[in-house]
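Same order as they appear, the protein sequences are chains A and B. full-length UniProt numbering puts the first residue of the first sequence at 1, with every later residue one more than the last. full-length UniProt numbering puts the first residue of the second sequence at 1, with every later residue one more than the last. Virtual Cβ for every residue (Gly too), placed ideally from N, Cα, C. Notes follow the structure.
Number of protein chains: 2
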Amino acid sequence: MAKAYEEIADELRAQIRAGRLGPGDRLPSESDLVRTTGRSGPTVQQALRVLQAEGLIEKQHGRGTFVRRPRTPIERTNARHQWEKDRARAPERQRLGTGATERDTGLGVDDLVFHAAYREIGASKEIAAALGVAEGTALVERTYRTRYSAERNPFSLVTSLLIRDLVQQNPDLLDETKEPWPGGTWNQLLTVGIEIDRVEERVTARPPTVEEADELGLPPGTSVLVLRKTLYDTDDRIVEMSDVTLPGDRTEMLFTTHLERW
Amino acid sequence: MAKAYEEIADELRAQIRAGRLGPGDRLPSESDLVRTTGRSGPTVQQALRVLQAEGLIEKQHGRGTFVRRPRTPIERTNARHQWEKDRARAPERQRLGTGATERDTGLGVDDLVFHAAYREIGASKEIAAALGVAEGTALVERTYRTRYSAERNPFSLVTSLLIRDLVQQNPDLLDETKEPWPGGTWNQLLTVGIEIDRVEERVTARPPTVEEADELGLPPGTSVLVLRKTLYDTDDRIVEMSDVTLPGDRTEMLFTTHLERW
DNA sequence: GAGTGGTCTAGACCACTGT
DNA sequence: CAGTGGTCTAGACCACTCC
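Written as structure tokens, this is what we have:
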């Protein structure tokens, strides 16, 4: 015999999948479910917890439990890289009004709120290995938060690392007050004579940490996409590495790979 | 004041992050925690549930609660596409002994167990839109499961769709008993004169459904990576679309984008 | 104030693991 | 068999939302 909370969860899940309960609809209240199922409060709650962990429902304290509504997706393509490279050499006037995020979202600079902070750190063992430098090497750690001006939470958490020796010949690159930098990282690197040859992106997925869920405003039952982006210059050196955390329920990454013709 | 279960969870999380509790270590038993914290059983359980949802711990009925151990990752690169394209034209002898999965995992054919099933379906509205065909168009739906022979669960769930009209001139392509096909889908398509020009991959992340968690053997507190791969031929037609579900805790996808030189 | 979900208690019994 | 986590009950009180 199935467990009581599973029976309740199965019943509700079936109703959602069949469309009898659609996105945004309110589920029966917990006390209703206690009455109709003849089960205790905690048992009903466990059933709802299961559905919440699956990302099917969302509880709203004091209002009720609702079928989760899909969020408007943000698309992020790898065509952006060639676009960013080209833009790095564009005249400043052109670089000012637009960034890669604006390109992804189709929005203007005014619709987005941008925040950056710089800090100098020494490379930890793990980071040193990933960057191919010695442990303790001086790095510039830059953290970025970007959000829609209409929303409370950022839609990505970015930590970027530069090797200080490579960039310090331009002191502006160590100064966070110069952000947002027209033309972004790619233009910053150009000012110290660096051209990017290729981008490597490593993607994994996992549940958010409490801190990530908090910063991104993620409800229970969502995942994050974790992207580690590495920029290689034309001498095959790693010149930047960044970790990007994206909400899994609203991010779609599109990678296009072109192949040689026969 | 913080909630009781959060205090307990915070304390244990801090111990794990500090390394005082390492991967594979057993946590204090629930009854121990009831004694040491002076809280009730359900409260302690809720604290552990929080950590489980974060993917930090794993409960084993009758044995105890353990710090989650990272699983051996499977890497999947987009360099595989050019490799698959090249292999599609290789002599059969060469195609027999190796596939893209073997390439990704570095294993031989004997270490992997392969299963395929074919079915004919009509295109649903959603699928028709994604494939760019009319609703109801005849499709060949192929489902694949591949697992390590040493493990019980497959490491990916694949559903592939072909447009029947495009492939039926070679009846072997409608016959699941011809699987595993040497040279895979790319060679199958070559037999009906199709050359692939580019691959589009859309990646998102979410918690697994119950069915996915069951098939992939995923413990609570893991996510799945969902990949929708679309193959375009040299006439810019969509010739295959597949949905791949991968365990987020053991899959790393690597995408390399090469850029034009200045 | 009525209705909702959130937290917590005290305790019972079951199911699984290892000795 | 002892120890572990899994399920379930009956009920209390709190916190939030909306009217």
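Give me the Cβ distance between residue i and residue j, rounded to the nearest whole Å; I'm assuming they're in contact under 8 Å.
| i | j | result |
| --- | --- | --- |
| ALA123(A) | THR137(A) | 4 Å |
| ARG39(B) | ILE57(B) | Between ILE57(B) and ARG39(B) the Cβ distance is about 18 Å, and since that is not below 8 Å, they are no contact. |
| THR256(B) | ARG76(A) | THR256(B) to ARG76(A), Cβ: 16 Å. No contact. |
| TYR5(A) | VAL50(A) | 7 Å |
| PRO154(A) | LEU216(A) | 7 Å |
| THR204(B) | THR251(A) | 7 Å |
| GLN46(B) | GLU30(B) | GLN46(B) to GLU30(B), Cβ: 11 Å. No contact. |
| GLU201(A) | LEU225(A) | Their Cβ separation, rounded to whole angstroms, is 11 Å, which puts GLU201(A) and LEU225(A) out of contact at 8 Å. |
| ASP249(A) | ARG71(A) | 6 Å |
Determine the DSSP secondary structure at residue i, reduced to helix, strand or coil.
| i | result |
| --- | --- |
| LEU254(A) | strand |
| GLN46(B) | helix |
| THR230(A) | strand |
| VAL199(B) | strand |
| THR146(B) | strand |
| ILE8(B) | helix |
| residue 265(B) | Residue 265(B) falls outside the range modelled here, since chain B spans only 1 to 262, and no answer is possible. |
| THR173(B) | Residue identity differs from the one stated: residue 173(B) is Leu in this sequence, not Thr. Reduced to three states, the DSSP call for LEU173(B) is helix. |
| ARG206(A) | strand |
| VAL192(B) | coil |
| GLU151(A) | coil |
| LEU131(A) | helix |
| ARG93(A) | helix |
| residue 294(A) | There is no way to answer for residue 294(A), as the model of chain A reaches only from 1 to 262. |
| ARG13(A) | helix |
| ARG35(B) | helix |
| GLU215(A) | helix |
| GLU75(A) | strand |
| residue 265(B) | Because residue 265(B) is not part of the residues shown, which for chain B are 1 to 262, the question remains open. |
In the DSSP assignment, find the alpha helix (DSSP H) that holds residue i and state where it starts and stops.
| i | result |
| --- | --- |
| ALA100(B) | 100-105 |
| SER29(B) | Counting along the chain, SER29(B) falls outside any alpha helix (DSSP H), and DSSP gives it neither H nor E. |
| ASP86(B) | 79-88 |
| VAL167(A) | 164-167 |
Where residue i and residue j are concerned, what is the direct C-alpha to C-alpha distance, given to the nearest angstrom?
| i | j | result |
| --- | --- | --- |
| SER242(B) | LEU157(B) | 10 Å |
| LEU96(B) | PRO182(B) | 5 Å |
| ALA128(A) | LEU189(A) | 20 Å |
| ASP86(A) | ASP233(A) | 15 Å |
| ALA9(B) | THR159(A) | 27 Å |
| ILE74(A) | TYR148(A) | 11 Å |
| ASP104(B) | THR185(B) | 16 Å |
| GLY132(A) | GLY64(B) | 40 Å |
| SER223(A) | ALA14(A) | 23 Å |
| LYS178(A) | VAL109(A) | 16 Å |
| ALA130(B) | LYS229(B) | 11 Å |
| THR206(A) | GLU212(B) | Here residue 206(A) is Arg; the residue named in the question, Thr, does not match the sequence. The straight-line gap from Cα to Cα measures roughly 15 Å. |
| VAL210(A) | ILE163(B) | 45 Å |
| LEU161(A) | ASP235(A) | 19 Å |
| LYS59(B) | LYS125(B) | 42 Å |
| GLU54(A) | ALA2(A) | 19 Å |
| GLU240(A) | GLN169(B) | 50 Å |
| GLY106(A) | ARG80(A) | 13 Å |
Mind checking which residues open and close the beta strand (DSSP E) that includes residue i?
| i | result |
| --- | --- |
| GLN60(A) | 57-60 |
| ALA117(A) | 112-122 |
| ASP243(B) | 238-247 |
| GLY64(A) | 64-67 |
Residue i and residue j: beta carbons closer than 9 Å?
| i | j | result |
| --- | --- | --- |
| LEU259(B) | ASN78(B) | no |
| LEU173(B) | THR146(B) | no |
| PRO220(B) | PRO42(A) | no |
| LEU166(A) | ILE194(A) | yes |
| LEU246(A) | ILE238(A) | no |
| ASN187(A) | ARG89(A) | yes |
| PHE66(A) | GLY24(A) | yes |
| GLU84(B) | THR37(B) | no |
| GLU176(B) | ALA100(B) | no |
| GLU135(B) | ILE121(B) | no |
| LEU12(B) | LEU48(B) | yes |
| PHE114(A) | PRO180(A) | yes |
| ASP214(B) | ALA150(B) | no |
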